[in-house]
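One structure is given here, and the rest of the page talks about it.
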């Protein structure tokens, strides 16, 4: 079990200067095997460290001289070992000189993102590897990676290495494809996922699948660029004034709870035994201050239309706005979850801590038509149950198009349990004519001209986020119409 993956490191040309880096590579290999990307450990180790470790943390060059590696007489490909290793070293050096690897190292990507990056890069090599080897995950024992180089020749010779050499031959055939894929890596998406996405320690196989789906979505890059354009305004520090929850001076009454310095002085007139009894039975009186009851945090439902009517610019705007709105809500100390819908209402994705489910927002694909009545009937029922169990304010942020025809009664039912903000994105020649608009607490209309102008689109999104997440919902329905120029610029 140990000689197999560790002995293969004799073919490695990247040497980490700390054993912890090699242990990280072992975790990458285990995660890749769970994803079905089957490659030898030394290859995952070397390419992963190029993207994860700075040059001061590693050295480049063969860890074992090729001529010192014993050949497998039963494997004719072993005669090509020196040539394959020279090819591999040249490939690694070329990959290390690339701009994308430099940028990736500066981002300090977490393990979950590195696993997804390696899966995107090496998936083609795994498909071209005809050996179909049953690779074993390397051990996760840090001590095994200390002073390993002296043991590599013996570990390499302990097993036949035809499978590793066939993987190198597959890499040789895929070299141009792999270098092209490395240059095409969308690091902006990885940057956004690193800033707002899940913690790498919490990422399992399903999280890796979501990240792969996000990187494979055709519209991902446009949504990411729009989100990165909005984030500086969303993260901008703002000062707000608020009243405290405790009175600044004076007392409001007498109670049986308090500190020694607020005890009613007449309590000291009791004799020692009676005062001790009153302490034990909680009968001692204290002056009490008036305290305001703190309101529970609001729950924000970001409901994103994922139907075919939201393709193109509308999809980019809605999902970028959802990410920005979610981040603003988290910064305000409240809770947020995201749900997509088309003809059905999909499962919720809840933000955890300061991390948003960015991968799910970017990678969602809905192909089930449209059925607004069914979706909003289910949503109204779910929120009514939630409200009965957890009596706190719920705010629904609806991001959709101008032709979302929902029965008026369903919106009225939804309003019993939640405040509703609507953001409606118009087509090029569309108008907003829905019979339930007067039931909404607030609405924003984004016309097609705004979507086609980069600056106006960003200003419209920032204004919507400020109106939706900036304060408590008003009782009367208000309309914020964002067009060219945005409402915030019109006087």
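Residue numbers (this note's numbering): 794 to 1284.
Cβ coordinates follow ideal geometry from the N, Cα and C atoms, glycine included.
All figures in this text were calculated on a predicted structure; none of them were measured in a lab.
- Between the alpha carbons of residue 1173 and residue 1090 lies a distance of about 20 Å.
- In the same chain as residue 914, and ignoring 5 residues on each side of it, the C-beta atoms closer than 8 Å to its own belong to 840, 971, 974, 975, 978, in chain order.
- Here residue 1168 carries a helix assignment [DSSP, helix/strand/coil].
- Taking one beta carbon from each stretch, the region 1175-1182 and the region 1102-1116 have fewer than 3 pairs nearer than 8 Å; the two do not touch.
- Around the beta carbon of residue 1120, 16 or more other beta carbons lie within 10 angstroms, which makes this residue buried.
- Annotated three-state conformation of residue 1094 is strand, per DSSP.
- A distance below 7 Å between beta-carbons, with the five flanking residues on each side excluded, links residue 1165 to the following residues of its chain, in chain order: 1197, 1198, 1199.
- Looking from the CA of residue 1202, the closest CA among 1194, 1222, 1231 belongs to 1231.
- If you draw a 10 Å sphere on the C-beta of residue 1234, you find 16 or more other C-beta atoms in it, and that means buried.
- Within the DSSP bridge table, the entry for residue 1110 names no partner.
- The criterion of a C-beta distance shorter than 8 Å is not satisfied by residue 1118 and residue 1016.
- The C-alpha of residue 823 lies about 7 Å from the C-alpha of residue 931.
- One alpha carbon belongs to residue 1011, the other to residue 946, and they sit about 46 Å apart.
- Residue state for residue 1067 is assigned as helix, using DSSP reduced to three classes.
- Beyond the five residues adjoining it in sequence on each side, residue 1018 comes within less than 7 Å, by CB distance, of 981 in the same chain, given in chain order.
- Inter-segment contact for the region 806-821 and the region 955-962 is absent: fewer than three beta-carbon pairs are separated by less than 8 Å.
- One alpha carbon belongs to residue 825, the other to residue 909, and they sit about 8 Å apart.
- Ranked by how close their Cα comes to the Cα of residue 1209, the residues 892, 877, 1169 have 1169 in first place.
- Taken through DSSP and simplified to helix, strand or coil, residue 1224 comes out as coil.
- In the DSSP assignment, residue 808 is bridged to 852.
- Apart from the 5 residues on each side of it in sequence, residue 1023 sits with its Cβ closer than 7 Å to the Cβ of 1113, 1117, 1251, 1254, 1255 in its chain, given in chain order.
- Judged by DSSP in its simplified three-state form, residue 949 adopts helix.
- Close CB contacts of residue 828 within its chain, under the 8 Å cut and outside five residues either way in sequence, are with 908, 912, 998, 1001, 1002, 1005 (chain order).
- Boundaries of the beta strand (DSSP E) around residue 1080: 1079-1081.
- Looking at the backbone, the Cα of residue 804 and that of residue 897 are separated by about 24 Å.
- The residues 975, 976, 978, 980, in chain order, have a CB closer than 8 Å to that of residue 893 in the same chain once the five nearest residues on each side in sequence are set aside.
- The alpha carbon of residue 942 has as its nearest neighbour, out of 861, 968, 955, the alpha carbon of 861.
- For residue 812, the closest of 1055, 832, 936, 887 by C-alpha to C-alpha distance is 936.
- Within the model, the alpha-carbon separation for residue 1216 versus residue 969 is close to 46 Å.
- DSSP places residue 1132 in the uninterrupted beta strand (DSSP E) bounded by 1128-1134.
- In terms of Cβ geometry, residue 1133 and residue 1162 do not form a close pair [threshold 8 Å].
- Where residue 918 is concerned, there is no enclosing beta strand (DSSP E), although the alpha helix (DSSP H) around it starts and stops at 904-921.
- A Cβ-Cβ distance of about 16 Å is found for the pair residue 800 and residue 939, leaving them out of contact under the 8 Å criterion.
- Residue 1190 places its beta carbon 8 Å or farther from that of residue 1080.
- Residue 1212 and residue 1057 have their C-alpha atoms spaced approximately 46 Å apart.
- Measuring C-alpha to C-alpha distances from residue 1009 to each of 1045, 1142, 1157 identifies 1157 as the nearest.
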